[in-house]
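J.: Structure below; questions to follow.
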Amino acid sequence: MPELPEVETVRRGLVGIVTGARVERVQVLHPRPVRRHLAGPDDFAATLTGRTFAEPARRGKYLWLPFADGDALLAHLGMSGQFRLDAPDAALAPNTRVLFDLDSGSQLRFVDQRMFGGLSLSPGGAELPGEVAHIGRDPFDPQFDLAATVRRMRARRTGIKRALLDQQLVSGIGNIYADEALWLARAHYARGTWSLSAAKAREVLVAATTVMSRALAVGGTSFDALYVDVNGSSGYFDRALAVYGQEGRPCPRCGTPVRREPFMNRSSYRCPRCQRAPVASARAV
18 MPELPEVETV RRGLVGIVTG ARVERVQVLH PRPVRRHLAG PDDFAATLTG RTFAEPARRG
78 KYLWLPFADG DALLAHLGMS GQFRLDAPDA ALAPNTRVLF DLDSGSQLRF VDQRMFGGLS
138 LSPGGAELPG EVAHIGRDPF DPQFDLAATV RRMRARRTGI KRALLDQQLV SGIGNIYADE
198 ALWLARAHYA RGTWSLSAAK AREVLVAATT VMSRALAVGG TSFDALYVDV NGSSGYFDRA
258 LAVYGQEGRP CPRCGTPVRR EPFMNRSSYR CPRCQRAPVA SARAV
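In this text, residue positions in the sequence shown follow the numbering used here: the first is 18, and each later residue adds one.
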């Protein structure tokens, strides 16, 4: 699933395309991506036609395209959702699901192979859709409170990686950037949040911000064609990953082979030397 750098890359690409653009026509080619619009695909198309987009916005992994009238088009990319910009007469990419003809003469296309994502109208959601209001602020949000997040993290009785993946605590971090941040901060994924000093908890959160900033600078992480930006270009951060997906390869810091271990029905990658397993009696350090 795209994480913050990938979604922010898409948002930035959309800014110059849709901001101020009027929707001339909407075509729903498959009903599943608009399944949350209970009145059906035809009503979805009719409801959006004639509206004017404001500047796209994001919180964590959630993206929305506000309308000038105060409503918003909420977009969840799921596992494989993409926005692509093309000429109306260009051949459709496989798995194109929804088409938006804009008054600029361009066509915005929502492409989704696996269809876990979707589009929905959020009434009054231009500033912040109610559907994502429960999501915590992400580290790139101007109102993100690092000190308060450190306090909430240390008050929990959970592992540090579980805390990083909790979108209500801090949003935007998924499996890739959690592993990379923990490697950068030399912290084991199972280390208890209650055992962290305030300085160490802050170090982990700052590491997550650093890693995501680096990924954002190169367009995010692309392991396959399911994640591209609005122009169809892939991100290149996979070339700089220290541990994620690097099982058996040498740790960039100490040369120890990276280890892959099961974690929450997925995997965690770590350096067994730089990120030693926690000791049960460890004090806050």
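We treat Cβ as the ideally placed atom computed from N, Cα and C, and that holds for glycine.
Looking at C-alpha atoms only, which residue of S123, D120, G122 and R101 is the closest neighbour of R114?
T.: R101
J.: With DSSP collapsed to three states, give me the class of E148.
T.: helix
J.: If F20 and I193 are in contact, beta carbons under 8 Å, what's the gap, nearest whole angstrom?
T.: According to the sequence provided, residue 20 is Glu. The question's Phe does not apply to it. Their Cβ separation, rounded to whole angstroms, is 6 Å, which keeps E20 and I193 in contact under 8 Å.
J.: Apart from the five residues on each side of it in sequence, which residues of its chain come closer than 6 Å, Cβ to Cβ, to T226?
T.: Once the five neighbours on either side are set aside, the close Cβ partners of T226 are P156.
J.: Measuring straight from C-alpha to C-alpha, what distance separates S212 and S139?
T.: 41 Å
J.: From T175 to D106, what distance separates their C-alpha atoms?
T.: 53 Å
J.: In the structure shown, what three-state DSSP assignment does R179 receive?
T.: DSSP places R179 in the helix class (H, G or I) of the three-state scheme.
J.: Nearest-angstrom Cα distance between P295 and A207?
T.: 7 Å
J.: Give the DSSP bridge partners of V40, in chain order.
T.: Assignment of beta-bridge partners to V40 by DSSP yields L119.
J.: How would you label A202, buried or exposed, when you count the other beta carbons within 10 angstroms and need 16 or more for buried?
T.: buried
J.: Who are the Cβ neighbours of Y253 in its own chain at under 7 Å, not counting the five residues just before and after it?
T.: The pLDDT assigned to Y253 is 44, lower than 50, so where the model puts this residue is not dependable; a value taken from the coordinates is nonetheless given after this. The answer, listed in chain order, is V235 and G236.
J.: For the stretch 115-124 against the stretch 158-170, do three or more pairs of beta-carbon atoms, one drawn from each stretch, fall closer than 8 Å, so that the two count as touching?
T.: no
J.: L182 and G189 look like a contact to me (Cβ under 8 Å); what is the Cβ gap, rounded to whole Å?
T.: Not really, about 10 Å apart at Cβ, beyond 8 Å.
J.: Contact between the stretch 214-224 and the stretch 275-287: three or more CB pairs below 8 Å?
T.: no
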